[in-house]
Structure formats: structure tokens, C-alpha cells
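Engineer: Numbering follows the numbering used here, with no gaps: position 322 of the sequence shown is 367. For every residue, glycine included, the Cβ atom is placed at its ideal position computed from N, Cα and C. Take this structure first; my questions come after.
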Amino acid sequence: MSTDSNNNQLTSRPHTRLIATQVMYQVVVKQHHLKQAMLATMAHKNITPQDKAWVQNICYQSLRHHQNLSARWKRFTDKPLKDKLVAELLTLSMAQKYHLDTPDHAIVNEAVNTAKKLKKNWATGLINKVLKLALNDQSFTPNSEVETHNHPQWWIDLLKKDWPEQWQQILNANNQKPPLWVRIYDSALQVKGQQHPHLKNAWNLTETQISSSIELKQGQFSVQDSAAQYAAHILKPKTGEKILDACAAPGGKSCHLLELEPNIKLDILEKEPHRLELVKDNLSRLNLKANRLIEGDATQPKTWFQGPKYDKILLDVPCSAAGVVRRNPDIKLLRQPQHIKQLTDLQQNILLQMADLVKTGGQILYATCSVFRSENERQIKKFLQKHPGFQTIQMDIKLAENCLHGQQIITGNNNMDGFYYCLLEKVA
Ligand SMILES: C[S@@+](CC[C@H](N)C(=O)[O-])C[C@H]1O[C@@H](n2cnc3c(N)ncnc32)[C@H](O)[C@@H]1O
Numbered sequence: 046m047s048t049d050s051n052n053n054q055l056t057s058r059p060h061t062r063l064i065a066t067q068v069m070y071q072v073v074v075k076q077h078h079l080k081q082a083m084l085a086t087m088a089h090k091n092i093t094p095q096d097k098a099w100v101q102n103i104c105y106q107s108l109r110h111h112q113n114l115s116a117r118w119k120r121f122t123d124k125p126l127k128d129k130l131v132a133e134l135l136t137l138s139m140a141q142k143y144h145l146d147t148p149d150h151a152i153v154n155e156a157v158n159t160a161k162k163l164k165k166n167w168a169t170g171l172i173n174k175v176l177k178l179a180l181n182d183q184s185f186t187p188n189s190e191v192e193t194h195n196h197p198q199w200w201i202d203l204l205k206k207d208w209p210e211q212w213q214q215i216l217n218a219n220n221q222k223p224p225l226w227v228r229i230y231d232s233a234l235q236v237k238g239q240q241h242p243h244l245k246n247a248w249n250l251t252e253t254q255i256s257s258s259i260e261l262k263q264g265q266f267s268v269q270d271s272a273a274q275y276a277a278h279i280l281k282p283k284t285g286e287k288i289l290d291a292c293a294a295p296g297g298k299s300c301h302l303l304e305l306e307p308n309i310k311l312d313i314l315e316k317e318p319h320r321l322e323l324v325k326d327n328l329s330r331l332n333l334k335a336n337r338l339i340e341g342d343a344t345q346p347k348t349w350f351q352g353p354k355y356d357k358i359l360l361d362v363p364c365s366a367a368g369v370v371r372r373n374p375d376i377k378l379l380r381q382p383q384h385i386k387q388l389t390d391l392q393q394n395i396l397l398q399m400a401d402l403v404k405t406g407g408q409i410l411y412a413t414c415s416v417f418r419s420e421n422e423r424q425i426k427k428f429l430q431k432h433p434g435f436q437t438i439q440m441d442i443k444l445a446e447n448c449l450h451g452q453q454i455i456t457g458n459n460n461m462d463g464f465y466y467c468l469l470e471k472v473a
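Structure follows, in C-alpha cells:
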């Protein structure tokens, strides 16, 4: 990751703006995921790490503030701009002004040159005129909640309903650059940085603090948000226990469980084969051993479950990722309300299937990186109605809100991602 000032020095490299415009088009118009769009657009191109960092930075910032930035230039077009590639070039240019501090004259020149490279010569006059007006406009005020908060209206409405007091904090946090949290294996290591107040292995560090620490250079850490680090501590793995991580990739929480207690029989389940490879890489990087690595579907346990039943199951289910938007700003443009319904159906199905796999007296930890109540406490409520043999166990996450069932870490609290946990015990 480069700093903004480093990135600024690279604005004169024309191909980076061309690539960034193409990436933005892939995400906003073609609805591709940002990471995939960046990989695909930069593949086979002779591009330096600094160029990549510049493209990444401008695309992340453009997507974080997309609705506001595009509104700023749209005020100066006579009619809606049909050419979506040119539209993304203009939005990206506004991001250069407000999030990279690039001088106006450079922004206009660069945008015009990029349009020529994109074979959009017809648009150079329009870009020149619209950008000059938009860049000079001191009187811009957002005229909708969407332009103010850079989220779709349905999302804003849902947050207002779910978190009437915290919705603005959540939206603001979603639009920030995310902090860098690491999990350091040896809590005795002296590290310069900000330690989490309740998790002694969780540190909020800068890139420089990581690279200047000799111990950390030796690979004594994993990048993992502190909110996600609660999972292994809540589950408290004990020697000899048979545990399942049912939605495991890329394996951050599996590895943490094994770090806390290597003498567990940990089965690691993941549906996507390419993602299971990421788990394997992480286990071997950290020299950790799982009992079984299973490529399988948590909704189809008959195809892979061999018995006996588990003492504990971690269910970090697929979710909207509404709590980690600051790390994945493309979600705000890609996610649609109907996806929430599809996800909640899948989550409930996984929860129901896993209920049969845990032994009496055993526990399930249900987790999401979402702040939507429909994916969280309402899922548990629904589950408990169908499964009265389960009860919730009180947790004590001090920086979280208590819900009807479980606890919610609100995005931005102590600089953490938005995360939900509920610990369930099978009593009958
Ligand atoms: C939120 S991520 C898990 C993150 C992981 N626990 C960690 O800490 O690194 C959810 C994972 O569940 C996987 N998944 C989705 N549907 C699944 C299913 N039906 N069965 C098993 N895994 C599934 C996804 O591919 C994804 O890797």
C-alpha cells in the first residue's frame, strides 16, 4: 500500500489513469468485483508496483465517494452522459481533486489525454469544459442522502431502521480508509503501534510500523481486523475438542483457533475449491495442521460429514459484508436488496444443517461481517423458534451493542469492522 503523497507523484503516468478508468467501468457498468476487475485489467500489462498502488488507491477512493463525486460533474452536463467510460473518467478526475489533492490543471490535462487514449476524441471538448466548471465549483451541496452518504437509498433506509442512533456513524465509517489490524502470535513481542484494549494480540499498525519491526518481518503476524479476532476467543478451543470451521476461507479464523490451541481436531470446510487453496496456503505459511480439509457444502453435510458430532462449530456465514464496506467499497454499487434475501435464506439453511452436527452440550458460534439485523439477530430468532433445543450463551464483547440475541460491533467502534456474533449451545 502506498501513501497518497507517493501516489500523487505518479499522476503523470498516463497509462495508470487509462487502466483506472477501465477498472471503474468494469465495476460500475459491468458490475464486476473490484479485485477481479483490477486483476483482469492489469494482467499481462507491464505495470510497476507503484503504478498498481496508484490505480488501487484512485479506484478505491472513487468507489467510496462515487455518488458524491459523480454528482459534482453531472451538475454541469446539459443532458445525461451516455458514454459510461467517459463518465467514469470524469468521476475519477473528481477523486483526484478531493482525495489525492492533484492540481486542477493537471487533472484536466490528464483527463483529456486519457480520453484520447481511449479513442474518445469526440469527448475532449466536453471533458475540458465540464471538468473546469466542476473543479472550480465552490458552491456544491449534496441534494440527496445518496449524494451525502455515498450509499444507495435502500441501504441508508435499512440502517436507519436497524440502527436509529448509529446509522450515521456506520455510513461515515464505511466511507473511510480502513485501518490495518494485525494478529500477532506472540503477545510478548514489543510492537510500536496501538494495541486493542481487550485483545492483547490485536494491534492497529501502520505499514511503516510493520516494516520497521524486526520480529514482524519474520512473519510473526497475520493481517486480520480486530473485530474478526473475537471469534476464536469466544469459541475458546480446548485440547482434544473436535471443531468444525464450516465456512472457512481464507482461513483467518481457522488459523487463529489453531494458534490458541494446536491440540484440537479442526475440520475445515469450504465450498469454493479456489478459496480452499487460500486456507491451505495460510496453514502452511503458519505451520499449522488441520484434522481434515474438506471441499464441501455446509448445506449438504451428507456429502462430507463422517461423524462423530462436533464439540464446537464456527459458522462465519456468507453475508452482505455490510460491515466491511470500507475494505470493499465496490459492494455499495454491486449489492442489491434482493441479494440480502438470498443470503438470509442461505444463512438460515446453513444454521439448520449445522444444528444436527453439533453434539448435545456443544456450541455453535454464528458470525457475520454485517450490520443488518436481518442477517444477525433475526436469523437467530428464527432459528431458535425452529430449534428450541438450543439456547444463547451470554458473551462479553465490551465494545459491542447488545442485541435481542448476540452482540453487534458497530463499524468504526474502536476502529473495528462491523461484526456480529451469537454463541449458541445445544442443551437438548
Ligand atoms: C465470510 S467468508 C469466511 C471467512 C473466514 N471465516 C475467515 O475468517 O477467513 C465465508 C466463506 O464461506 C464460503 N461459503 C459460501 N457458501 C458456503 C457453503 N454453502 N458451504 C461452505 N462454505 C460456503 C465462501 O466461499 C467464503 O469463503
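(1) Determine the direct distance from the alpha carbon of residue 60 to that of residue 427, and round the result to whole angstroms.
(2) Is the number of C-beta pairs between the stretch 266-286 and the stretch 354-364 that are closer than 8 Å three or more?
(3) In the structure shown, what three-state DSSP assignment does residue 161 receive?
(4) Compute the minimum distance between the beta carbon of residue 361 and the heavy atoms of ligand 1, and state whether it is under 7 Å.
(5) Using a threshold of 7 Å, is the CB atom of residue 446 nearer than that to any non-hydrogen atom of ligand 1?
(6) Go ahead and label residue 296 buried or exposed: buried means 16 or more other beta carbons lie within 10 angstroms of its beta carbon, across all protein chains shown.
(7) Determine the closest residue to residue 179 out of 150, 331, 120 and 137, with distance taken between C-alpha atoms.
(8) Applying the criterion that 16 or more other CB atoms from any shown protein chain within 10 Å of the CB defines a buried residue, is residue 287 buried or exposed?
(9) What's the C-alpha gap between residue 469 and residue 411?
(10) Less than 6 Å between C-beta atoms, sequence neighbours within five positions excluded: which residues of the same chain meet that for residue 169?
(11) Would you check if there are 3 or more beta carbon pairs closer than 8 Å linking the stretch 183-203 to the stretch 434-442?
(12) Should residue 117 be listed as close to ligand 1, given that the test is whether its C-beta is under 7 Å from any heavy atom?
(13) Starting from residue 26 and walking both ways along the beta strand (DSSP E), at which residues does that stretch end?
(14) Is residue 246 closer than 8 Å to residue 228 when the C-beta atoms are compared?
(15) So, is residue 473 buried or exposed, given that buried needs 16 or more other C-beta atoms within 10 angstroms?
(16) Rounded to the nearest angstrom, what separates residue 48 and residue 145 at their Cα positions?
(17) Note the first and the last residue of the continuous alpha helix (DSSP H) segment covering residue 482.
(18) Anyone know if the C-beta pair for residue 63 and residue 165 falls short of 8 Å?
(19) Could I get the ranges of all uninterrupted beta strand (DSSP E) runs contained in the stretch 263-299, with 3 residues as the minimum, in chain order?
(20) Helix, strand or coil: how does DSSP classify residue 467 here?
(21) How many angstroms separate the CA atom of residue 243 from the CA atom of residue 438?
(22) Could you tell me the alpha carbon to alpha carbon distance between residue 253 and residue 237, rounded to whole angstroms?
(23) Using a 10 Å radius around the Cβ and a threshold of 16 neighbouring Cβ atoms, would you call residue 186 buried or exposed?
(24) Given this structure, state the Cα-to-Cα distance separating residue 99 from residue 69, to the nearest angstrom.
(25) I believe residue 130 touches residue 66 by the beta-carbon criterion, under 8 Å. Please report the beta-carbon distance rounded to the nearest angstrom.
(26) Leaving out five residues on either side along the sequence, give the residues of the same chain with a beta carbon under 6 Å from the beta carbon of residue 149.
(27) Residue 330: buried (16+ other C-beta within 10 angstroms of its C-beta) or exposed?
(28) When burial is assigned at 16 or more other CB atoms within 10 Å of the CB, is residue 462 buried or exposed?
(29) Using only the heavy atoms of ligand 1, determine whether one of them is closer than 7 Å to the beta carbon of residue 315.
(30) Kindly list the residues whose CB is nearer than 6 Å to the CB of residue 198, restricted to its own chain and excluding five residues on each side of it in sequence; keep chain order.
(31) Count the other CB atoms within 10 Å of the CB of residue 337; is the residue buried (16 or more) or exposed (fewer)?
(32) Please name the residue or residues paired with residue 412 in a DSSP beta bridge.
(33) For residue 209, count the other beta carbons within 10 Å of its own beta carbon; 16 or more makes it buried, fewer makes it exposed. Which is it?
Structural biologist: By the coordinates alone:
(1) Distance between residue 427 and residue 60, taken at the CA atoms: about 52 Å.
(2) Per the Cβ contact rule, the stretch 266-286 is in contact with the stretch 354-364 (3 or more Cβ pairs under 8 Å).
(3) Three-state result, residue 161: helix.
(4) Indeed, a heavy atom of ligand 1 lies less than 7 Å from the Cβ.
(5) Not one heavy atom of ligand 1 lies closer than 7 Å to the C-beta of residue 446.
(6) Buried.
(7) Considering only 150, 331, 120 and 137, the residue with the shortest C-alpha distance to residue 179 is 120.
(8) That one is buried.
(9) Answer to the nearest angstrom: the Cα atoms are 8 Å apart.
(10) Correct list, in chain order: 157 and 160.
(11) Too few Cβ pairs lie closer than 8 Å, so no.
(12) No, the Cβ of residue 117 stays beyond 7 Å of every heavy atom of ligand 1.
(13) Nothing about residue 26 can be reported from this structure: the residues present for the chain run from 46 to 473 only.
(14) Against a cut-off of 8 Å, the Cβ pair of residue 246 and residue 228 comes out as a contact.
(15) Burial call: exposed.
(16) With a pLDDT of only 36 at residue 48, under the threshold of 50, the placement of this residue in the model should not be trusted; the figure read from the coordinates follows. Rounded to whole angstroms, residue 48 to residue 145 spans 10 Å at the Cα level.
(17) The requested residue 482 does not occur in the structure, where the chain is confined to residues 46 to 473.
(18) Not closer than 8 Å, so no.
(19) Those beta strand (DSSP E) runs which fall completely within the stretch 263-299 and span 3+ residues are 266-268 and 287-290.
(20) In the structure shown, residue 467 sits in a strand (DSSP, three-state: E or B).
(21) When rounded, the distance between both Cα atoms is 20 Å.
(22) Straight-line spacing of the CA atoms in residue 253 and residue 237 works out to 10 Å.
(23) Answer is exposed; the Cβ neighbour count stays below 16.
(24) Taking the straight line joining both Cα atoms gives about 13 Å.
(25) Your pair residue 130 and residue 66 checks out as a contact, with CB atoms roughly 6 Å apart and the cut at 8 Å.
(26) 180.
(27) With fewer than 16 neighbouring CB atoms inside 10 Å of its own CB, residue 330 falls in the exposed class.
(28) Label assigned to residue 462: buried.
(29) Result yes, Cβ under 7 Å from ligand 1.
(30) Excluding sequence neighbours, residue 198 sits near 191.
(31) Taking all protein chains shown into account, residue 337 has fewer than 16 neighbouring C-beta atoms within 10 Å of its C-beta and is therefore exposed.
(32) Answer is 361 and 466.
(33) Exposed: under 16 other Cβ atoms inside 10 Å.
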